[in-house]
Amino acid sequence: MKYYIGIDGGGTKTNCVLCDENLNVMYSSQSGPSNFLTIGTRIVSHTILDLIKNCCDEIKISSTDLSGIVLGTTGAGRESDANNLESTVLELSQNEKIIFPKFKVMSDARIALEGAFSGNPGSILISGTGSIMFGKDENGNIHRVGGFGRLIGDEGSGYSIGKKGLNIISKYFDGRGKETLLQKLVEENFYVSDQSKLITKVYNNELNVQDVAPLVIEAANNDEQCKNILDEETNELLLHILAMQKHFDNDVMKLVLIGGIISNENLYSKMLKEKIQSFLPTIKIQNAEFSPEIGAVILAKKFSEQI
0 MKYYIGIDGG GTKTNCVLCD ENLNVMYSSQ SGPSNFLTIG TRIVSHTILD LIKNCCDEIK
60 ISSTDLSGIV LGTTGAGRES DANNLESTVL ELSQNEKIIF PKFKVMSDAR IALEGAFSGN
120 PGSILISGTG SIMFGKDENG NIHRVGGFGR LIGDEGSGYS IGKKGLNIIS KYFDGRGKET
180 LLQKLVEENF YVSDQSKLIT KVYNNELNVQ DVAPLVIEAA NNDEQCKNIL DEETNELLLH
240 ILAMQKHFDN DVMKLVLIGG IISNENLYSK MLKEKIQSFL PTIKIQNAEF SPEIGAVILA
300 KKFSEQI
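Note that numbering that gives the first Met the number 0 numbers the sequence shown so that position 197 is 196, with each residue one more than the last.
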């Protein structure tokens with residue numbers, strides 16, 4: 000029997016599964032964060048190695064019995080960063096005399112894409128703190144739209160919505176803008192009641208801009224300014240989808256929505272889905288078929304067969 004490990008690393012937790020060749024989960028476990036760009040490559044490497052050892056111990060196999068391991072993690076979008084983490088994990092494993100045949104690091108979005116469609120063509124739109132879209136066409140080519148970060152991109156994301164929300168509050172405090180329900184919600188949740196407190200909390204990192212996004216969505220039910228923000232930001236996500244659709248030859252492009260503000264039921268996700276249905280009828284929204292960690296297993300199996 001062949002065994003594969005898939006790992007989904009995030010900023011708060013890391014999920015790991017060990018599967019057989021038929022994607023049957025034989026063991027699963029969870030550990031702490033694995034964003035190596037923020038907590039360090041060596042710390043994350045130890046976390047990953049411990050997860051692998053734990054999987055092998057639990058089902059009583061040796062690491063040499065593993066046919067492939069794929070880690071998809073936050074921060075691995077750039078190849079150089081992914082290679083750095085990959086090398087460190089392998090270095091630690093060698094120091095501990097732990098050998099496994101095939102190990103690869105890639106972005107968390109890549110394994111999410113693979114899991115969402117069981118390795119088949121489709122696209123995922125991610126809108127969390129930031130925004131990015133990935134797609135896999137009929138020929139197996141991977142395409143990316145967005146993901147330029149908060150300074151020059153991330154349209155339609157929690158950060159972008161939150162920033163626009165704080166902007167209308169700042170204008171209200173100045174007398175340059177209208178009163179907004181959002182100000183009352185931000186005051187209740189973050190104790191911001193004037194210009195000075197707003198500036199201090201934002202620039203001292205006491206208030207995360209993206210944390211204001213849920214309040215903008217809440218206020219938009221009764222506040223025209225906030226509703227306009229959601230209208231603008233959903234339009235930006237439509238542009239992502241339109242750009243991705245150009246890479247697909249089929250009339251229908253499958254789409255999975257990922258990230259709390261567009262995958263959960265709220266006014267923002269409702270507006271987005273209604274616009275897709277009205278203006279992009281050839282887009283088929285569906286739920287992910289498998290989790291990202293199973294997507295990592297699918298890729299591990301694929302890479303092992305290429306050897």
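Note that CB positions come from ideal geometry on N, CA and C, so glycine has one too.
Which residues DSSP lists as bridging residue i, in chain order
| i | result |
| --- | --- |
| Arg143 | Phe133 |
| Asp7 | Asn14, Gly71 |
| Phe102 | Ile68 |
| Gly155 | Note: Gly155 sits in no beta bridge, so no partner. |
Assigned secondary structure, residue i (DSSP; H/G/I helix, E/B strand, else coil)
| i | result |
| --- | --- |
| Gln29 | strand |
| Gly148 | helix |
| Ile257 | strand |
| Leu206 | coil |
| Leu22 | coil |
| Ser92 | helix |
| Ile123 | strand |
Same chain, Cβ closer than 6 Å to residue i, neighbours up to 5 away in sequence not counted
| i | result |
| --- | --- |
| Asp107 | Gly71, Thr72, Thr73 |
| Gly9 | Thr73 |
| Ser27 | Val16 |
Any C-beta of chain D under 8 Å from that of residue i
| i | result |
| --- | --- |
| Leu206 | You won't find chain D in this structure, because it holds only one protein chain. |
Local Cβ density within 10 Å of residue i, reported as buried at 16 or more and exposed below that
| i | result |
| --- | --- |
| Gln209 | buried |
| Asn249 | exposed |
| Phe135 | A quick correction: the sequence has Lys, not Phe, at residue 135. By the neighbour-count rule (16 or more Cβ atoms within 10 Å), Lys135 is buried. |
| Thr281 | exposed |
| Met252 | buried |
| Tyr190 | exposed |
| Tyr158 | buried |
| Gln276 | exposed |
| Phe35 | buried |
| Leu125 | According to the sequence shown, residue 125 is Ile rather than Leu. Buried, by the Cβ-count rule. |
| Asp232 | This sequence places Glu at residue 232; Asp is not what is there. It counts as buried. |
| Met147 | A quick correction: the sequence has Phe, not Met, at residue 147. So Phe147 counts as exposed. |
| Gln305 | exposed |
Sequence-distant residues of its chain with Cβ nearer than 8 Å to residue i (five each side left out)
| i | result |
| --- | --- |
| Val88 | Ser44, Ile47, Leu48, Leu70, Phe102, Val104 |
| Gln29 | Lys12, Thr13, Asn14, Cys15 |
| Asp173 | Gln194 |
| Leu229 | Ile160, Val215, Ile216, Ala219, Leu266, Tyr267, Met270 |
| Ile98 | Ser62, Thr63, Ser92 |
| Asp80 | Phe35, Leu36, Gly74 |
Residue i: CB within 7 Å of a non-hydrogen atom of the ligand SAM
| i | result |
| --- | --- |
| Ala242 | The ligand content of the structure shown is nil, which means the ligand SAM is not present either. |
For a minimum of 4 consecutive residues, which ranges assigned as the alpha helix (DSSP H) are wholly contained in the stretch 246-299? 259-262, 266-278
For a minimum of 3 consecutive residues, which ranges assigned as the beta strand (DSSP E) are wholly contained in the stretch 51-90? 65-72
Where in the stretch 161-249 do unbroken runs of the alpha helix (DSSP H), each at least 4 residues long, occur, reported from the N-terminal end onward? 180-189, 194-202, 212-218, 223-244
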